[in-house]
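Chains as they are written, first to last, in this note's numbering: chain A, 1 to 195; chain B, 1001 to 1195. Ideal Cβ positions, reconstructed from N, Cα and C, are used throughout, including at glycine. Everything below concerns the one structure shown next.
Number of protein chains: 2
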Amino acid sequence: MDNKSLILNNIGKWINLTEAEADHFTSLLKPVTAKRKELILEAGEICRYSYFVTSGCLRGYTIDANGFEHVLNFAAPNWWIADMYSLLSQRPGNTYIQALEPTSTLALSKDAQERLYREIPAFERFFRIITENSLVSFQQRLLDNLSLTAEERYQNFCKRYAGLTDSIPAKQVASYIGVTPEFLSKMKHKLLYKK
Amino acid sequence: MDNKSLILNNIGKWINLTEAEADHFTSLLKPVTAKRKELILEAGEICRYSYFVTSGCLRGYTIDANGFEHVLNFAAPNWWIADMYSLLSQRPGNTYIQALEPTSTLALSKDAQERLYREIPAFERFFRIITENSLVSFQQRLLDNLSLTAEERYQNFCKRYAGLTDSIPAKQVASYIGVTPEFLSKMKHKLLYKK
DNA sequence: TCGATTTCTTAATCTACATTAAGCTCGGAA
DNA sequence: TTCCGAGCTTAATGTAGATTAAGAAATCGA
């Protein structure tokens, strides 16, 4: 399946498009690729695109006042990623988006997205639905951070991102679940031997 | 301003409705009130409404495996609240919604909401936008929990909910920022005398 | 191919916050 | 008006996870 089929398939789970609409939509997409470790968005920039990952893997993260990184999300193939705050407000954001490995995306510009809303109202529905799903999972993650131990969060992570556990460096898994790499290392050892 | 004007005003910030559309919309709303401490949604139930608060204050919270409460959100007048997971999936949720004081809401049923999407597509846009805003603020709160100290989170909370700081019991402020009431008490003492 | 970063691990020590426990305060029910 | 239970405070003690440090392993640039 080529990249445009992949994204149409993804959208087709939620809304129906005519062939003409589908063609129009794909004509708005711009292929964007990134090498391993390359940044496709940096803090301080205005986020002008939503990225749909077709291969590889991206991560979104911020750097706090003390210089520590915090991973907000990973985006494997079939996922969308953007700095939502910056994309919506068109103000400089505080998110970095980086490729963990060579990655291909289809980028939809903010302008094109707004145009889609006007021309094909079903896209309003599509983005409403994926935003709702994202909201639910961030709410759950917040509650998990408040109520689960680091070990439970790590096990959740392994289930949730089962396919990616190997391609994501431990350091960044630690950052996602909210512990130091040292403590993650200790937990892995413990889970391996004690259980 | 009466309650229906309040909600139309709120919606009017994002979309324009004809008078007929506005009337149709308000005809779908069901007034729901709750006494202090009354639950309008309990864990295990299916959430069938989004609630728009017109007066008073609600809080959404869960109870974890160890019996501890975690406050997901507060809803002051002009805010919407629901158990998004349950509302979207129409499956039993794990959220309680409780009145902190005598509260009036306008409830929009899931059915009515779906009907609105079909009849007045602008509502698709409205709910997309408020869901996006909610997503941004939950992402920020997650990052705050990962990067700020409890003291910084408390000060953020005081700014964000400036108008409510008094009407929300300390116990629930503690639960929102993710500390025990004992530790919040200590922080308040410290901020009062040391600073 | 090989030094130089960067990442991962192990271990000692430290600290922010939790737990436990006890007394205090206050609004509400009888 | 009194009592009672819930919320708030203070303080002693406990602990999950951070910090620091240093060596081992993987990755990278030239």
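Proximity below 7 angstroms, CB of residue i to CB of residue j
i                 : j                 : result
GLU1042 (chain B) : TYR1096 (chain B) : yes
ILE1081 (chain B) : GLY1060 (chain B) : yes
VAL1071 (chain B) : TYR1161 (chain B) : no
ASN1145 (chain B) : GLY1178 (chain B) : yes
ILE11 (chain A)   : PHE126 (chain A)  : yes
VAL136 (chain A)  : TYR1085 (chain B) : yes
SER1005 (chain B) : SER1055 (chain B) : no
ALA1107 (chain B) : TYR1049 (chain B) : yes
ILE7 (chain A)    : PHE52 (chain A)   : yes
GLU101 (chain A)  : CYS57 (chain A)   : yes
MET1187 (chain B) : GLU1151 (chain B) : yes
CYS1158 (chain B) : THR1149 (chain B) : no
LEU191 (chain A)  : ALA112 (chain A)  : no
PHE138 (chain A)  : PHE1138 (chain B) : yes
LEU1142 (chain B) : LEU142 (chain A)  : yes
ILE120 (chain A)  : GLU21 (chain A)   : yes
SER147 (chain A)  : ASP1064 (chain B) : yes
GLU1124 (chain B) : GLU114 (chain A)  : no
Residues sharing a beta bridge with residue i, DSSP
i                 : result
ALA75 (chain A)   : A:LEU58
PRO1092 (chain B) : B:ILE1046
LEU1142 (chain B) : DSSP lists no partner for LEU1142 (chain B).
ALA99 (chain A)   : A:LEU58
> When Cβ atoms are compared, which residues of the region 1141-1156 of chain B fall closer than 9 angstroms to chain A?
Replying inline: ARG1141, LEU1142, LEU1143, ASN1145, LEU1146, SER1147 and LEU1148
>> Closer than 8 angstroms between beta carbons: that is the criterion. Which residues of the region 82-95 of chain A meet it against chain B?
In response: MET84, TYR85 and LEU88
> Which residue spans inside the region 1002-1072 of chain B form an unbroken alpha helix (DSSP H) run of at least 4?
Replying inline: 1003-1012 and 1019-1027
> Going along the chain, which residues of the region 109-131 of chain A sit with their C-beta nearer than 8 angstroms to a C-beta in chain B?
Replying inline: TYR117, PRO121, GLU124, ARG125, PHE127, ARG128 and THR131
>> For the region 1064-1084 of chain B, list every residue whose C-beta sits within 8 angstroms of some C-beta in chain A, in sequence order.
In response: ASP1064, ALA1065, ASN1066, PHE1068, HIS1070, LEU1072 and MET1084
>> So if I threshold CB-CB distances at 9 angstroms, which residues from the region 158-187 of chain A count as touching chain B?
In response: SER175 and GLY178
>> Please list, in chain order, the residues of the region 43-60 of chain A that have any C-beta partner in chain B closer than 8 angstroms.
In response: none
> Which full runs of the alpha helix (DSSP H) of 4+ residues lie inside the region 103-190 of chain A, going along the chain?
Replying inline: 110-119, 122-147, 150-160 and 170-177
> In chain order, what residues of the region 3-21 of chain A put their CB closer than 8 angstroms to some CB of chain B?
Replying inline: none
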